[in-house]
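Heads up: the sequence shown runs through residues 1 to 89, numbered per our numbering. Below: the structure, in C-alpha coordinates.
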Amino acid sequence: ILSEIKQDSSTTTARAILKYLYPRPSPNFKLSDIDSTTAAYIVECSKNCHPDDPSTTKQIRRSMSNYFASIKHRKKRKAIILNAGGRNQ
1 ILSEIKQDSS TTTARAILKY LYPRPSPNFK LSDIDSTTAA YIVECSKNCH PDDPSTTKQI
61 RRSMSNYFAS IKHRKKRKAI ILNAGGRNQ
(Lines of atoms letter the chains of each structure in order from A and count residues from 1; the text may use other names and numbers.)
(Lines give C-alpha, C1' and ligand atoms only; values in the text may rest on other atoms or scores of the structure.)
Protein backbone atom coordinates (compact mmCIF):
# COMPACT_ATOMS: atom_id res chain seq x y z
CA ILE A 1 0.00 0.00 0.00
CA LEU A 2 2.81 2.40 0.85
CA SER A 3 4.22 2.11 -2.67
CA GLU A 4 0.83 3.25 -4.03
CA ILE A 5 0.68 6.18 -1.60
CA LYS A 6 4.25 7.38 -2.19
CA GLN A 7 4.40 10.90 -3.65
CA ASP A 8 7.21 13.15 -4.91
CA SER A 9 8.61 14.21 -1.53
CA SER A 10 8.64 13.29 2.16
CA THR A 11 6.13 15.99 3.04
CA THR A 12 3.62 15.04 0.35
CA THR A 13 4.02 11.35 1.15
CA ALA A 14 3.29 12.05 4.82
CA ARG A 15 0.10 13.94 3.85
CA ALA A 16 -0.90 11.11 1.51
CA ILE A 17 -0.51 8.58 4.34
CA LEU A 18 -2.71 10.77 6.54
CA LYS A 19 -5.31 11.03 3.77
CA TYR A 20 -5.32 7.25 3.56
CA LEU A 21 -5.61 6.74 7.32
CA TYR A 22 -7.96 9.67 7.98
CA PRO A 23 -9.97 10.30 4.79
CA ARG A 24 -12.76 12.28 6.50
CA PRO A 25 -11.59 13.59 9.87
CA SER A 26 -13.84 15.86 11.90
CA PRO A 27 -13.21 19.59 11.36
CA ASN A 28 -11.69 19.90 14.83
CA PHE A 29 -9.28 16.98 14.38
CA LYS A 30 -5.62 17.90 14.93
CA LEU A 31 -2.29 16.19 14.55
CA SER A 32 -2.09 16.05 18.35
CA ASP A 33 -5.19 13.80 18.31
CA ILE A 34 -3.15 11.09 16.59
CA ASP A 35 -1.20 8.68 18.75
CA SER A 36 2.39 9.95 18.95
CA THR A 37 3.73 6.54 17.91
CA THR A 38 1.60 6.62 14.76
CA ALA A 39 2.73 10.15 13.91
CA ALA A 40 6.38 9.17 14.40
CA TYR A 41 5.87 6.09 12.23
CA ILE A 42 4.39 8.22 9.42
CA VAL A 43 7.42 10.52 9.58
CA GLU A 44 9.80 7.56 9.46
CA CYS A 45 7.95 5.94 6.56
CA SER A 46 8.01 9.15 4.55
CA LYS A 47 11.73 9.61 5.24
CA ASN A 48 12.43 6.00 4.24
CA CYS A 49 10.52 6.47 0.98
CA HIS A 50 12.67 9.52 0.17
CA PRO A 51 16.14 8.98 1.66
CA ASP A 52 17.62 11.85 -0.40
CA ASP A 53 14.90 14.35 0.57
CA PRO A 54 16.39 17.02 2.87
CA SER A 55 13.08 17.62 4.71
CA THR A 56 13.46 17.62 8.48
CA THR A 57 11.15 15.89 10.93
CA LYS A 58 9.80 19.31 11.87
CA GLN A 59 8.96 20.12 8.24
CA ILE A 60 7.23 16.78 7.74
CA ARG A 61 5.18 17.16 10.93
CA ARG A 62 4.19 20.71 9.89
CA SER A 63 3.06 19.33 6.56
CA MET A 64 1.01 16.68 8.38
CA SER A 65 -0.55 19.35 10.57
CA ASN A 66 -1.39 21.41 7.49
CA TYR A 67 -3.45 18.50 6.15
CA PHE A 68 -5.88 18.80 9.06
CA ALA A 69 -5.78 22.61 9.06
CA SER A 70 -6.66 22.74 5.37
CA ILE A 71 -9.70 20.53 5.92
CA LYS A 72 -10.90 22.78 8.73
CA HIS A 73 -10.32 25.88 6.59
CA ARG A 74 -12.17 24.39 3.60
CA LYS A 75 -15.19 23.44 5.71
CA LYS A 76 -15.25 26.87 7.37
CA ARG A 77 -15.02 28.63 3.99
CA LYS A 78 -17.78 26.42 2.59
CA ALA A 79 -20.04 27.28 5.55
CA ILE A 80 -19.41 31.00 5.04
CA ILE A 81 -20.25 30.74 1.35
CA LEU A 82 -23.43 28.77 2.06
CA ASN A 83 -24.52 31.29 4.70
CA ALA A 84 -23.80 34.23 2.41
CA GLY A 85 -25.77 32.56 -0.37
CA GLY A 86 -28.80 32.21 1.88
CA ARG A 87 -28.79 35.92 2.72
CA ASN A 88 -28.85 36.99 -0.93
CA GLN A 89 -32.23 35.40 -1.58
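C-beta atoms are modelled at their ideal positions from N, C-alpha and C, and glycine is treated no differently. Being a predicted model, the structure only gives us computed values, none of them experimental.
In this structure, the beta-carbon distance from T13 to C49 falls below 7 Å. DSSP places Q59 within a helical segment (H, G or I) once states are collapsed to three.
Selection S32, R61, D33, G85 evaluated against E44 yields R61 as nearest (Cα-Cα). Going by C-alpha positions, D53 is about 31 Å away from N28. When the Cα atoms are used, E4 and D35 turn out to be separated by approximately 24 Å. Following the DSSP letters along the chain, one finds N48 inside the alpha helix (DSSP H) bounded by residues 36-49. K6 sits in coil when the DSSP states are folded into three classes, being neither helix nor strand. By the Cβ neighbour-count rule, I42 is buried, with 16 or more other Cβ atoms within 10 Å of its own. For the pair M64 and L18, the CB atoms are nearer than the 7 Å cut-off.
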